[in-house]
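There are 2 protein chains.
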Amino acid sequence: MPTEQTAFTEATRPKLTFWFEFASTYSYPSAMRIETMAREANVEIIWRPFLLGPIFKAQGWDTSPFNLMPAKGRYMWQDMARQCEQLGLPLVQPAPFPQHSLLAARIGHAGRAQPWIAEYSRAVFHAEFGEGSDISDPALLASLLLEAGADAKAVMEDAASPENKTGLRQAVEEATELGIFGAPSFTTESGELYWGNDRLADALAAAR
Amino acid sequence: MPTEQTAFTEATRPKLTFWFEFASTYSYPSAMRIETMAREANVEIIWRPFLLGPIFKAQGWDTSPFNLMPAKGRYMWQDMARQCEQLGLPLVQPAPFPQHSLLAARIGHAGRAQPWIAEYSRAVFHAEFGEGSDISDPALLASLLLEAGADAKAVMEDAASPENKTGLRQAVEEATELGIFGAPSFTTESGELYWGNDRLADALAAAR
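Chains A and B supply the protein sequences, listed in that same order.
Counting in this note's numbering, the first sequence runs from 183 upward without gaps.
Counting in this note's numbering, the second sequence runs from 183 upward without gaps.
Structure (structure tokens):
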């Protein structure tokens, strides 16, 4: 006999879309814990990597606002250190910051509906902010794909296809149309937007 | 016999400085609940009104970032509505936004060490964001001062003095030196900085 919990089937479970940017600091703690929290909330997570670069560029910015505003940038690293300590996550400041996330995002876009998307994304964030690795390195990304159970060679080819590149650009447009201006962001099926790692719990509650 | 609670005297209670801007949306929910939360945490709050205008100007901005970035501004009002609902606070979008907060801040600076500073500040925020009143109106501010138990006439004169105007400018410089770039911000006695209404509880914990 199904319990109240199991009565939600895959089809009827409420969905929350997780919009993240691989170079974004606060996307890291969200990526590491969203599936655990979503399981408790009985919400299905749709992983949607996108790029903040074009959104910042439209704003007249040529790099991260954390670089353009030094005081805000200094504070962000202090705050990240405190947040990561509270969550038991390691934190290393990668160089350069922000990292070049285009290839990681293309791979993520190619695999956004694959069973390995969550594990791959967490592995990229861990390499970047847990170990300080350079996530623009194709060899690193290929090895993370393999560890996540993906056919790395096929996925890398798929990621480089014109269709996939266009698809990622369209993801940025879709994010913009949803009102997204930063990462992480969360959108419910009814179109409610929540911005920031601090709003993850609220977004999950809203999704239900 | 003193209990553990009352063993803290006025002199030994840890202090947390609350840096706020009367025109700042997220300063409102912090101002309304900080004394209640501080009492529970046995922390003394130092109220320090300052101005974000000069800090934004140094950044090349001539108005609130919520106006310069329309998507962020639209989101902020949605988020404020949700936050205020959670806290049981009324929310009205004042016009113009941001409000001209110079006179309110000068009065707040003149009275920053007076017993009425908390009540006056809450009254200004309530008038602005709870009722949509124009807080640049001297008559409104005088009536809020009277209700808070201040000698409104003397305080308004004090607020307009050259010494007080210079003092408020120095407060902005002091804030900048502490690394402050937005409001609300909280600084502990050891110089730790916390930014945003979302960090109020963390800041109080750090102050202890």
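Note that CB positions come from ideal geometry on N, CA and C, so glycine has one too.
Proximity test, Cβ basis, 8 Å: K254 (chain A) and chain B | yes
Any chain B beta carbon closer than 8 Å to Y302 (chain A) | For Y302 (chain A), the answer is no, since every Cβ of chain B falls outside 8 Å of its Cβ.
State the Cα-Cα distance for the pair M219 (chain A) and T194 (chain B), rounded to the nearest angstrom.
-> 41 Å
Nearest to W229 (chain B) by alpha carbon, out of B:K254, B:W259, B:P236, B:W201?
-> Ranked by how close their Cα comes to the Cα of W229 (chain B), the residues B:K254, B:W259, B:P236, B:W201 have B:W201 in first place.
Secondary structure of P344 (chain B), DSSP reduced to three states = helix
Members of the region 356-383 of chain A near chain B, C-beta cut-off 7 Å = Those would be G361, F363, L375, W377, D380, in chain order.
Since Y210 (chain A) meets chain B, which of its residues come closer than 9 Å, beta carbon to beta carbon?
-> Within 9 Å Cβ-Cβ: nothing; Y210 (chain A) doesn't reach chain B, min ~17 Å.
S212 (chain B) lies in the alpha helix (DSSP H); which residues open and close that run?
-> Per DSSP, S212 (chain B) belongs to the alpha helix (DSSP H) from 209-223.
Check F238 (chain A) in the structure and name its three-state DSSP category.
-> helix
Pick out the complete alpha helix (DSSP H) segments inside the region 289-356 of chain A, 4 residues or longer, and give them in chain order.
-> 299-307, 320-329, 334-341
Tell me where the beta strand (DSSP E) around R230 (chain A) begins and ends.
-> Per DSSP, the continuous beta strand (DSSP E) segment holding R230 (chain A) begins and ends at 226-231.
Can you tell me whether DSSP reads F279 (chain B) as helix, strand or coil?
-> coil
Pick helix, strand or coil for L382 (chain A), following the three-state DSSP scheme.
-> helix
Please classify A263 (chain B): is it buried, with 16 or more other beta-carbons within 10 angstroms of its beta-carbon, or exposed?
-> exposed
Using three-state DSSP, classify T199 (chain A) as helix, strand or coil.
-> Under the three-state reduction of DSSP output, T199 (chain A) falls in the strand class.
In chain B, which residues lie with their C-beta within 9 Å of the C-beta of M251 (chain A)?
-> Q241, F363
For L322 (chain B) versus Y302 (chain B), is the C-beta spacing smaller than 8 Å?
-> no
Assuming F368 (chain A) contacts A287 (chain A) (C-beta within less than 8 Å), just tell me the rounded distance between them.
-> Not a contact, Cβ separation roughly 18 Å.
Pick from B:A223, B:A330, B:P211, B:L350: whose alpha carbon is nearest that of L269 (chain B)?
-> B:P211
Rounded C-beta distance between V274 (chain B) and F311 (chain B)? I'm assuming under 8 Å.
-> 6 Å
Indicate the three-state DSSP secondary structure (helix, strand or coil) for F204 (chain B) in the structure shown.
-> DSSP places F204 (chain B) in coil when its eight states are reduced to three.
In the structure shown, what three-state DSSP assignment does L284 (chain B) receive?
-> helix
In chain A, what lies closer than 9 Å to Q352 (chain B) by C-beta?
-> Under the 9 Å cutoff, chain A gives no residues; its nearest Cβ is about 18 Å from Q352 (chain B).
Cβ-Cβ distance between A388 (chain A) and T370 (chain A) below 8 Å = yes
Check whether the Cβ atoms of P236 (chain A) and L285 (chain A) lie closer than 8 Å to each other.
-> no
Work out the CA separation of S246 (chain B) and I317 (chain B) for me, nearest whole Å.
-> 17 Å
Could you check what DSSP says for T194 (chain B) in three-state terms: helix, strand or coil?
-> coil
Residue nearest to Q265 (chain B) in terms of C-alpha spacing, selected from B:S209, B:G361, B:Y376 = By alpha-carbon distance to Q265 (chain B), the top candidate from B:S209, B:G361, B:Y376 is B:S209.
For A295 (chain A), does the count of other Cβ atoms within 10 angstroms reach 16, so buried, or fall short, so exposed?
-> So A295 (chain A) counts as exposed.
With C-beta atoms as the reference, is L198 (chain B) less than 8 Å away from H291 (chain B)?
-> no
Is Q260 (chain A) close to chain B, meaning its C-beta is less than 8 Å from at least one C-beta of that chain?
-> yes
In three-state DSSP terms, what is E186 (chain A)?
-> With a pLDDT of 48 at E186 (chain A), under the threshold of 50, the predicted position of this residue should be treated as unreliable, though the coordinate-derived value follows. Coil, per DSSP.
A332 (chain B) to L375 (chain A), Cα distance in whole Å?
-> 43 Å
Helix, strand or coil for T358 (chain B) per DSSP?
-> In the structure shown, T358 (chain B) sits in a helix (DSSP, three-state: H, G or I).
Alpha carbon of A385 (chain B) to alpha carbon of E359 (chain B), nearest angstrom | A direct Cα-Cα distance of roughly 19 Å separates A385 (chain B) from E359 (chain B).
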